[in-house]
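Structure record follows, encoded as structure tokens.
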Amino acid sequence: MFAQKFEYTAPKTLDEALHLLANGAKPLAGGMSLIPMMKLRLAAPEHLVDLRALKDLNYIREAGGQLHIGATASHYDIESSALLRQKCPLLTETAAAIGDVQVRNLGTIGGSVAHADPAADYPAALQALEAKFVLRSEKSERTLSAADLFVDALTTALQPGEILSEVIVPIDDTRTGTSYLKMAQPASGFAIVGVAARVRQNAGKISFVRIGVTGLSNRAYRATAAEKALEGKTGSAADIQSAAALVARGVDANSDLHASADYRKHLAVVHAARALKTALSRIA
Amino acid sequence: MNINLTINGKSYSQDVEPRLLLIHFLRDIAGLTGTHMGCETSLCGACTVELNGKAIKSCTMFAVQANGAEIVTVEGLANDGKLDPVQEAFWNEHGLQCGFCTPGMIMASKQIIDRHPSPTEEEIRHGLEGNVCRCTGYQHIVNAVKAAAAGAGK
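Quick mapping for you: the protein sequence lines, in order, are chains A and B.
Residues 585 to 868 (our numbering) are what the first sequence spells out, left to right.
Residues 1308 to 1461 (our numbering) are what the second sequence spells out, left to right.
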């Protein structure tokens, strides 16, 4: 399968890349989603700008009490990062669950987020982490929340000529436990449903809960009703169950040959309960 | 576009169309047909090669993206007719039947052992998730990776 003809540029600097993108080129990162789409001719960009060639977009570092991840950090870079393992284990756990080794070696966090596949893994974790996203173009730079970035299936708030250049996630204290759990589609590894849980405990009570859900609907979202239901509780099995029961309420669930809408909602409840339980058990 | 690649230690310089996939460069231009094309949709792993030390699927990368890279294919493993320990282990443990998936399985197995010199069964199975075999039921392949890791450590 050959893609349609295109022009290819591996720019030396981010400014050069942004200039080309401002003139209609499309960014290529790991290519794990874009190249299959080009081979199937679902996408036919005329000009690709290879961002992986830019070394200055590949970093993972701590600054100002937050973690900054460059857009071209690969899933393997993230899963194997000692810094993230220690300070944001939810992200390393999520990255390790993506696709397979070969995909994780090439695929990037920026590419995955910008592609916004409704069954991708990162969006659940990034919603639960209340991540921030730095968007850059030749003329502007802005920072968006996860709630504002993910718009719909395969649709983000990115404008033409704009790239996602950095993902920013918080550093949690030791009273926080996290977990990402998914029902993987057996062939592709994509999440039929995936739930990320982030829970903080204070004096025996749950003081903070964030739950991110992917795969269930057209965009990953935070299950705020379930979060509220668990806050202030001790985190007993009954508390978890009644909170998890709310994660899919009112959601317009997807239905396809892998899972019906009702089954997906059921999976979301079950996985939310398990992810919450695991997250609580991981509080140091 | 002119690209330069090093494949199994040998340099190649070639003008290619940007849409040429790396696997076509390996098979049709370099003549290295050991790397197989299976599903061509990045699911089966038969086309796995090592690019700058990392296992990747050569059907889902354009050759131009590999400009300047060092690539190792299955042909680059044996040295002077002596099999690589992973190849030897696949032979000894019956890690193949028809052999179509084997080049990719061996390249993925090398990545497992590079990253986990004494891999657990779980690490081996996790590391082979990107490779499909329709003959062996995987058990012999897992045994081969274990044997290769044990042998390589000696």
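The C-beta atom is built at its ideal place from N, Cα and C for all residues, glycine as well.
- Counted as a single uninterrupted DSSP element, the stretch harbouring R1326/B is not any alpha helix (DSSP H), since DSSP gives it neither H nor E.
- DSSP assignment within the segment 630-681 of chain A yields the following whole alpha helix (DSSP H) runs of 4 residues or more, N-terminal first: 659-663, 666-671, 673-680.
- Pairwise C-beta distances place the segment 681-695 of chain A in contact with the segment 1422-1439 of chain B, as three or more of them are shorter than 8 Å.
- Inter-segment contact for the segment 734-746 of chain A and the segment 820-829 of chain A is absent: fewer than three beta-carbon pairs are separated by less than 8 Å.
- Residue pairing by DSSP places D736/A opposite T739/A in a beta bridge.
- In this structure, DSSP gives A1456/B a helical state, which the three-state scheme calls helix.
- Classified as buried, M622/A has 16 or more neighbouring CB atoms from the shown chains inside 10 Å of its CB.
- For R848/A, the uninterrupted alpha helix (DSSP H) run begins and ends at 845-865, by DSSP.
- Distance from the CA atom of D599/A to the CA atom of M767/A, rounded to whole angstroms, is 40 Å.
- DSSP, read as helix, strand or coil, puts M1368/B in coil.
- Within the segment 1340-1414 of chain B, the complete alpha helix (DSSP H) segments of 4 residues or longer fall at 1392-1399, listed in chain order.
- Contact between F774/A and A828/A fails: their C-beta atoms lie close to 22 Å from each other, not under 8 Å.
- Partner residues in the beta bridge of V718/A, as assigned by DSSP, are T727/A, E750/A.
- Proximity of R625/A to chain B, defined by a Cβ-Cβ separation below 9 Å, is not satisfied.
- Under the 9 Å criterion on CB atoms, V633/A is classed as non-interfacial with respect to chain B.
- Here A1376/B has L1312, L1358, N1359 as same chain residues with Cβ atoms under 7 Å from its own Cβ, once five neighbours each way along the sequence are excluded.
- Inclusion of A780/A and R794/A in the CB contact set at 9 Å is warranted, their separation being smaller than that value.
- Here DSSP, grouped into helix, strand and coil, assigns R759/A to coil.
- Taking 9 Å as the cut-off, the Cβ atoms of E1430/B and I1419/B count as close.
- The shortest CA-to-CA distance from I776/A to any of L742/A, L765/A, A657/A is the one to L765/A.
- Against chain B, a Cβ distance below 8 Å from M616/A picks out S1349, T1367.
- For F1397/B, the CB contacts under 7 Å within the same chain, skipping 5 residues up- and downstream, are L1403, T1409, I1413, A1451 in chain order.
- For R688/A, there is no enclosing beta strand (DSSP E); the enclosing alpha helix (DSSP H) covers residues 685-690.
- If you draw a straight line from the Cα of E1382/B to the Cα of D1421/B, it comes to about 18 Å.
- Burial state of N838/A is buried, judged by a 10 Å Cβ sphere holding 16 or more other Cβ atoms.
- Distance from the CA atom of A613/A to the CA atom of A787/A, rounded to whole angstroms, is 45 Å.
- The DSSP assignment places complete beta strand (DSSP E) segments of no fewer than 3 residues inside the segment 758-845 of chain A at 760-768, 775-786, 789-798, in order along the chain.
- Of the candidates G654/A, A856/A, Q711/A, the residue whose Cα lies closest to the Cα of A832/A is A856/A.
- Comparing C-alpha distances from V853/A to each of E714/A, D840/A, L800/A shows the shortest one belongs to L800/A.
- Taking a Cβ-Cβ cut-off of 9 Å, I1431/B has no neighbours in chain A, whose nearest Cβ is about 11 Å from it.
- Excluding sequence positions up to five before and after D1391/B, its CB lies within less than 7 Å of the CB of L1384, A1385, all in the same chain and listed in chain order.
- When Cβ pairs closer than 8 Å are counted between the two stretches, the segment 650-669 of chain A is seen to touch the segment 748-762 of chain A, the count reaching three or more.
- Excluding sequence positions up to five before and after E1324/B, its CB lies less than 6 Å from no other CB in the same chain.
- When 9 Å is used as the limit between beta carbons, S665/A is near no residue of chain B, the shortest such separation being about 14 Å.
- The bridge partners DSSP lists for K596/A come to none.
- Among the CB atoms of chain B, one or more fall inside 9 Å of the CB of K589/A.
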